[in-house]
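Trainee: Could you have a look at this structure, given as structure tokens, before my questions?
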Amino acid sequence: MPEATIDRTPLLRVRDLKVSFATRQGVLRAVDGLSFDVGQKEIVGIVGESGSGKSVAIYSMLGLVREKNATITGSVLFEDREILGLSDKELQPIRGGSIGMIFQDPMTALTPVYTVGWQLVEQIRQHLHLTKAAARSRAIELLGQVGIPDPKSRVDRFPHEFSGGMRQRVVIAMALSCNPRLLIADEPTTALDVTTQAQILDLMVTLQDTYDSSIVIITHDMGVIAEMANRVVVMYAGRPVEIAPELELVRHPRHPYTWGLLDAVPRLNVAHERLRTIRGNAVSPLNLPPGCAFAPRCDYVMQKCAERPPLRGENDHVDACWLSDAQKVTIRRTPEHST
Amino acid sequence: MFYFIVRRFASAILVLFAISVTVFLIFFATPGVDPAARIAGRSASPQILAQVAKEFGLNRPLPIRYLLMMEHLFIKQDLTSYVNIGDRVVPQITQAAPVTLSLVIGAAVIWLIVGVLGGVVAAANQGKFIDPFIMFIGIAAVSVPAYWLGEVMNLLTQSKFHTSIFSWVPPPGYVSFTTSPSQWFLHLLFPWLTLAALYAGIYARVLRAELVNALNEDYIRTARAKGLSERRILFRHALRCSLISIVSLFGLDFGALIGGAALLTEVVFGLPGVGLLTYTSLQNLDLPVIMGCVMYGAFFVVLANAVVDVLYAYLDPRVRLA
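These protein sequence lines are chains A and B, in that order.
Mapping of the first sequence onto our numbering: residues 380 to 718, in sequence order.
Mapping of the second sequence onto our numbering: residues 2 to 323, in sequence order.
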């Protein structure tokens with residue numbers, strides 16, 4: 380979708396979201412101050428490596444973090460209404476109604492003992508006041524829209540009779556069934572093979588256009604980001620390190636962690652190149668450094684990095700790094716980092 | 002589904018046939034054992050031994066003997082005990098069966114209701130006081146032997162408080178449903194409670210564990226993300242999937258109990274059921290009765306398992322393909 384048509388009145392406004400778990404080893408900070416906006420009809424990608432708190436962050440917004448030892452603070456405004464801390468009952472119309480969710484593993488996301496039609500109808504009738512017959516024809520229509528062949532007979536089949544890709548289509552149909560304003564997708568293609576991945580992403584973009592919804596997509600795959608996102612939030616150790624429009628981020632990344640992520644994407648036009656990786660492992664969320672969480676792995680670490688860098692920048696491109704703007708540009712332009 | 006049912010019952014019949022052959026071989030073809038002497042009981046006269054040999058065709062080939070035996074058992078139903086001379090085996094069993102059926106079915110209703118209720122309430126209140134409380138009662142019920150619990154019940158209802166609060170409890174024994182439904186109920190009430198206690202404890206604990214597992218499944222997160230109520234998530238999604246293991250457990254327990262495993266309860270409460278019949282015939286080494294009881298028990302175990310498998314396939318669509 381062209382950037383210009385995106386309405387920037389935020390549909391979802393996340394401010395200083397923090398999720399921590401009290402464990403025997405200490406306080407585990409899974410999400411540590413996440414802020415971002417999602418505009419109307421915008422696709423926001425949240426990218427980061429495993430354990431960076433992406434999934435926990437979005438689950439916490441909808442009250443899907445059920446662990447008793449979890450503490451969730453901050454603010455999540457959806458359509459100007461605070462939804463953080465609402466009770467299950469208050470969240471019911473939002474979950475599945477105005478916010479649909481797609482999950483990582485389609486193999487286990489559906490209840491095994493009911494037909495896919497039953498499960499679709501269950502959700503449709505929970506939110507829209509339709510008769511059984513009307514809900515069923517809506518379910519068949521949805522299955523057709525997500526590209527399931529012969530939806531009239533497949534509607535009465537059980538989840539185990541579908542392949543992984545087809546199940547993910549069913550989950551997408553479910554997420555879209557009540558015309559949600561926002562679709563949250565948690566690594567929707569991770570469990571699928573590559574050709575199916577592309578189809579599912581295409582499908583999501585097409586349907587997003589049809590249904591006029593916004594999407595938050597979580598991934599660790601820069602390829603998915605490039606394919607879909609209008610704007611990208613790069614997360615490291617539960618904190619956002621860089622937020623920028625997708626093209627801007629790919630062309631002028633400013634944070635050393637983003638450089639590392641982009642350099643780790645294989646390029647087709649360069650022959651026999653050893654793929655660059657980020658040295659070291661992700662920090663443990665049990666003892667985050669007081670300063671920049673990426674400092675222990677960063678090639679450009681300075682004394683100042685012992686202090687936590689704020690998100691700063693101009694317009695809609697912000698990053699959390701103590702390097703000066705001039706330094707960021709020069710380092711990125713040196714041959715080692717040219718792309 | 003229909004095809005599945007037909008196939009399942011066909012295989013049940015095959016299993017029954019195999020059991021009858023096995024049981025027959027154990028009794029009549031065990032090397033070094035004279036079946037005539039076994040059937041005739043201790044210190045039988047030569048005339049009786051000869052009579053037994055003739056009746057069961059002991060000098061004829063093994064397959065003929067098997068057919069003769071089955072004829073006595075199922076077609077003529079004239080298999081006779083030589084220990085208690087003249088007692089027909091089949092009528093004894095058909096008399097004892099309703100007692101055991103009444104006992105076990107009634108107890109099953111109680112333990113299913115109490116067990117499922119206990120498991121659901123405990124799982125829905127994880128971490129609160131009521132959860133470990135129910136689980137403790139469960140383990141206590143599992144740990145108390147039926148004969149002890151039964152005797153305590155008898156002590157309370159028949160002796161200690163028989164003249165006060167439990168004056169409405171009839172003396173131990175059995176009254177058939179057709180004679181007097183109310184007396185049938187009163188006679189069986191405490192046996193039911195005794196037998197149900199153990200199983201209710203087991204079922205509550207198993208169901209709680211299953212539910213806790215199910216509630217951590219991905220599909221529960223999906224159900225919650227669909228905006229369903231917590232009640233609906235618990236009953237329609239988590240419980241529905243957890244019931245599958247409860248049903249298979251029930252099939253095994255129910256079949257075994259009908260087949261005579263309710264012996265202890267029957268003895269304590271003086272109920273002339275199949276367990277009691279098997280027990281006395283074993284004490285007397287009354288071979289024809291033992292054989293009849295074993296066949297009867299096998300029949301109900303196999304039947305209960307077939308019914309459970311069909312139920313299982315109804316509950317879990319993944320099974321129907323297998």
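Built from N, CA and C at the ideal position, the CB exists for glycine as well.
Everything numeric in this text was worked out from a predicted model, so none of it was measured.
Report yes if the CB atom of A:His599 is closer than 9 angstroms to the CB atom of A:Ala699, and no otherwise.
Mentor: Not a contact, by the Cβ cut-off of 9 angstroms.
Trainee: Going by CA-CA distance only, name the one from A:Ile519, A:Tyr615, A:Asn558, A:Tyr679 that's closest to A:Pro472.
Mentor: Ranking A:Ile519, A:Tyr615, A:Asn558, A:Tyr679 by Cα distance to A:Pro472 puts A:Asn558 first.
Trainee: Can the beta-carbon of B:Val16 be found less than 9 angstroms from the beta-carbon of B:Ile259?
Mentor: Cβ atoms of B:Val16 and B:Ile259: not closer than 9 angstroms.
Trainee: Anyone know if the C-beta pair for B:Tyr148 and B:Val269 falls short of 9 angstroms?
Mentor: Their beta carbons are under 9 angstroms apart, which means B:Tyr148 touches B:Val269 by this criterion.
Trainee: Please state the DSSP three-state secondary structure of A:Tyr615.
Mentor: In this structure, A:Tyr615 counts as strand in the three-state DSSP scheme.
Trainee: Would B:Leu316 pass as an interface residue toward chain A - the criterion being a Cβ-Cβ separation below 9 angstroms?
Mentor: Closer than 9 angstroms to some Cβ of chain A, the Cβ of B:Leu316 qualifies, so yes.
Trainee: Consider the Cβ of A:Asp467: report whether some Cβ of chain B lies at a distance smaller than 9 angstroms.
Mentor: For A:Asp467, the answer is yes, since a Cβ of chain B falls inside 9 angstroms of its Cβ.
Trainee: What is the residue span of the alpha helix (DSSP H) that A:Phe457 lies within?
Mentor: Taken as a continuous stretch (DSSP letters only), A:Phe457 belongs to no alpha helix (DSSP H), being part of the beta strand (DSSP E) at 449-457.
Trainee: How long is the line joining the alpha carbons of B:Arg43 and B:Val309, rounded to whole angstroms?
Mentor: In a straight line, the C-alpha of B:Arg43 is about 42 angstroms away from that of B:Val309.
Trainee: If you run the structure through DSSP and keep just helix, strand and coil, what is A:Ser556?
Mentor: Coil at A:Ser556, not helix or strand.
Trainee: Within 9 angstroms of any Cβ in chain B, is that where the Cβ of A:Glu566 sits?
Mentor: No, A:Glu566 lies away from the interface with chain B (no Cβ there is under 9 angstroms from its Cβ).
Trainee: According to the Cβ coordinates, are A:Ala672 and A:Ala616 closer than 9 angstroms?
Mentor: Yes, the Cβ-Cβ distance between A:Ala672 and A:Ala616 is below 9 angstroms.
Trainee: Measure the CB-CB distance between B:Ala38 and B:Leu26 and report whether it falls below 9 angstroms.
Mentor: No, the Cβ-Cβ distance between B:Ala38 and B:Leu26 is not below 9 angstroms.
Trainee: Distance cutoff 9 angstroms, beta carbons only. Does B:Leu229 sit that close to anything in chain A?
Mentor: Yes, because at least one Cβ of chain A sits closer than 9 angstroms to the Cβ of B:Leu229.
Trainee: Could you check where the alpha helix (DSSP H) with B:Met1 kicks off and where it finishes?
Mentor: Beyond the ends of chain B as shown, which are 2 and 323, falls residue 1 of chain B; an answer cannot be given.
Trainee: Using 9 angstroms as the limit for Cβ to Cβ distance, is A:Phe537 near chain B?
Mentor: At least one chain B Cβ lies under 9 angstroms of A:Phe537.
Trainee: Measuring from the CB of A:Asp529, is there a heavy atom of the ligand PLP at a distance below 8 angstroms?
Mentor: This structure lacks the ligand PLP; in fact it carries no ligand of any kind.
Trainee: Identify whether A:Glu625 lies in helix, strand or coil by the three-state DSSP scheme.
Mentor: Here A:Glu625 sits in helix by DSSP.
Trainee: Start and end of the alpha helix (DSSP H) containing B:Ile111?
Mentor: 90-125 is the span of the alpha helix (DSSP H), which, as asked, contains B:Ile111.
Trainee: Exposed or buried, which one is A:Thr718 when buried takes at least 16 other CB atoms within 10 Å?
Mentor: Bear in mind that the predicted position of A:Thr718 carries a pLDDT of just 44, short of 50, making it unreliable; the figure below should be weighed with that in mind. Exposed, because fewer than 16 other Cβ atoms sit within 10 Å of the Cβ of A:Thr718.
Trainee: For A:Ala608, which residues of its own chain have a beta-carbon under 7 angstroms away from its beta-carbon, when the five flanking residues on both sides are left out?
Mentor: Contacts found: Ile422, Val423, Gly424, Ile596, Glu625.
Trainee: Are A:Asp411 and A:Pro389 touching if we call contact CB-CB under 9 angstroms?
Mentor: Their beta carbons are not under 9 angstroms apart, which means A:Asp411 does not touch A:Pro389 by this criterion.
Trainee: So, is A:Tyr438 buried or exposed, given that buried needs 16 or more other C-beta atoms within 10 angstroms?
Mentor: Classification of A:Tyr438: buried, given that the 10 Å Cβ count is 16 or more.
Trainee: Determine, using beta carbons only, whether B:Ala124 comes closer than 9 angstroms to chain A.
Mentor: B:Ala124 does not count as touching chain A.
Trainee: Using the three-state DSSP reduction, which class does A:Asp397 fall into: helix, strand or coil?
Mentor: In the sequence under discussion, the amino acid at residue 397 of chain A is Lys, which differs from the Asp named in the question. In the structure shown, A:Lys397 sits in a strand (DSSP, three-state: E or B).
Trainee: Does any CB atom of chain A fall closer than 9 angstroms to the CB of B:Asp310?
Mentor: No - not a single Cβ of chain A is within 9 angstroms of the one on B:Asp310.
Trainee: Where in the segment 525-556 of chain A do unbroken runs of the alpha helix (DSSP H), each at least 4 residues long, occur, reported from the N-terminal end onward?
Mentor: Qualifying alpha helix (DSSP H) stretches, in chain order: 530-533, 543-555.
Trainee: Between which residues of its own chain and A:Ala383 is the CB-CB distance below 7 angstroms, once the five residues before and five after are set aside?
Mentor: Interpretation of A:Ala383 is limited by its pLDDT of 49, a score under 50 that renders its predicted location unreliable; no figure is taken from the coordinates.
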